[in-house]
Amino acid sequence: MKNALDSQDRRLVAELTRDGQLSPGKIGSVTGVTAPTVRTRLKNLMQAGALKVAGLVNPMRVKGLTVALVGISLMSHEQLGEKLDQIGALPRVNWCAVVTGRYDIIVEIVCQEGMDDLYAFLDQDLSKLGGITASESFVVMKSRRKWLLLPDAVLDTFTK
Numbered sequence: 001m002k003n004a005l006d007s008q009d010r011r012l013v014a015e016l017t018r019d020g021q022l023s024p025g026k027i028g029s030v031t032g033v034t035a036p037t038v039r040t041r042l043k044n045l046m047q048a049g050a051l052k053v054a055g056l057v058n059p060m061r062v063k064g065l066t067v068a069l070v071g072i073s074l075m076s077h078e079q080l081g082e083k084l085d086q087i088g089a090l091p092r093v094n095w096c097a098v099v100t101g102r103y104d105i106i107v108e109i110v111c112q113e114g115m116d117d118l119y120a121f122l123d124q125d126l127s128k129l130g131g132i133t134a135s136e137s138f139v140v141m142k143s144r145r146k147w148l149l150l151p152d153a154v155l156d157t158f159t160k
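The numbering of the sequence shown is full-length UniProt numbering, which starts it at 1 and goes up by one.
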């Protein structure tokens with residue numbers, strides 16, 4: 001279920017999006033809301049699953065990270081939701097979506113071990129799911145305005 005954000009929530013989220021380090025007091029002074037109200041509203045948005053505050057990484061500026069998009073075709077469209085959930089739970093997956101067009105699902109993955117990691121994703125992770133007739137991968141060579149929330153597989157080894 002999607003949550004409706006009122007104009008005040010939208011202003012708070014916009015300020016936090018511009019600078020994720022802003023304190024509730026600073027957000028309040030910019031938006032004309034008290035700091036306790038900002039804290040309460042942000043807490044409610046997070047509890048509802050509408051907002052997550054996290055550190056983002058620019059993969060074009062961090063050595064060792066490879067980003068790839070993978071187009072996936074399924075045997076049956078009856079399994080779209082199930083496959084989307086299964087793929088989304090894979091540790092290298094940053095996001096995945098059911099799409100229109102040539103593929104059924106598009107996936108963005110982040111690899112810390114370059115092509116070997118991408119190969120492992122395709123050969124091991126995806127192939128174990130079954131129900132996939134084809135996949136095509138596209139390595140991102142350069143991008144603009146791209147910030148990532150690192151997926152679990154990268155986080156697990158990122159600090160080692």
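Here a beta-carbon is modelled for each residue, glycine too, at the ideal position from N, C-alpha and C.
| said: With three or more C-beta pairs closer than 8 Å as the rule, is the segment 75–86 touching the segment 112–123? | reply: no
| request: Buried or exposed for Asn44, please, with buried defined as at least 16 other CB atoms from any protein chain shown within 10 angstroms of its CB. | output: Asn44 comes out exposed.
| request: Have a look at the DSSP bridge pairing and note the partners of Ala153. | output: DSSP output for Ala153 lists no bridge partner at all.
| message | Along the chain, where does the beta strand (DSSP E) containing Val70 start, and where does it finish? | response | Taken as a continuous stretch (DSSP letters only), the beta strand (DSSP E) holding Val70 covers Thr66 to Leu74.
| If you draw a straight line from the C-alpha of Val53 to the C-alpha of Leu90, how long is it? | 22 Å
| So what does Ser127 bridge to, in DSSP terms? | None, per the DSSP bridge assignment.
| How close, in whole Å, do the beta carbons of Val38 and Pro24 come, if the pair is a contact with beta carbons under 8 Å? | Val38 to Pro24, Cβ: 4 Å. Contact.
| task | Could you tell me which uninterrupted alpha helix (DSSP H) segments, each at least 4 residues in length, are contained entirely in the segment 14–40, listed from first to last along the chain? | result | 24–31
| said: Using C-beta distances below 7 Å, list every residue in its chain close to Cys56, excluding the 5 sequence neighbours before and after it, in chain order. | reply: The question names Cys, but residue 56 in the sequence shown is Leu. Correct list, in chain order: Trp147, Leu148 and Leu149.
| message | Please report the straight-line C-alpha distance between residue 175 and Met141, rounded to a whole angstrom. | response | One cannot answer for residue 175 here, as it falls past the ends of the chain, which runs 1 to 160.
| Would you call the CB atoms of Ser135 and Val70 closer than 8 Å? | Taking a C-beta distance under 8 Å as the contact criterion, Ser135 and Val70 qualify as a contact pair.
| field | Pairwise C-alpha distance: Leu74 and Thr34 | value | For Thr34 and Leu74, the gap between their C-alpha atoms comes out near 50 Å.
| message | Could you compute how far the alpha carbon of Arg92 sits from the alpha carbon of Asp116? | response | Their backbone Cα atoms lie some 13 Å apart in a straight line.
| message | Alpha carbons only, please: which of Gln79, Ala97 and Val154 is nearest the one belonging to Thr133? | response | When only C-alpha atoms are compared, the closest one is Gln79.
| said: On the criterion of 16 or more Cβ atoms from any shown chain inside 10 Å, does Val154 qualify as buried, or is it exposed? | reply: buried
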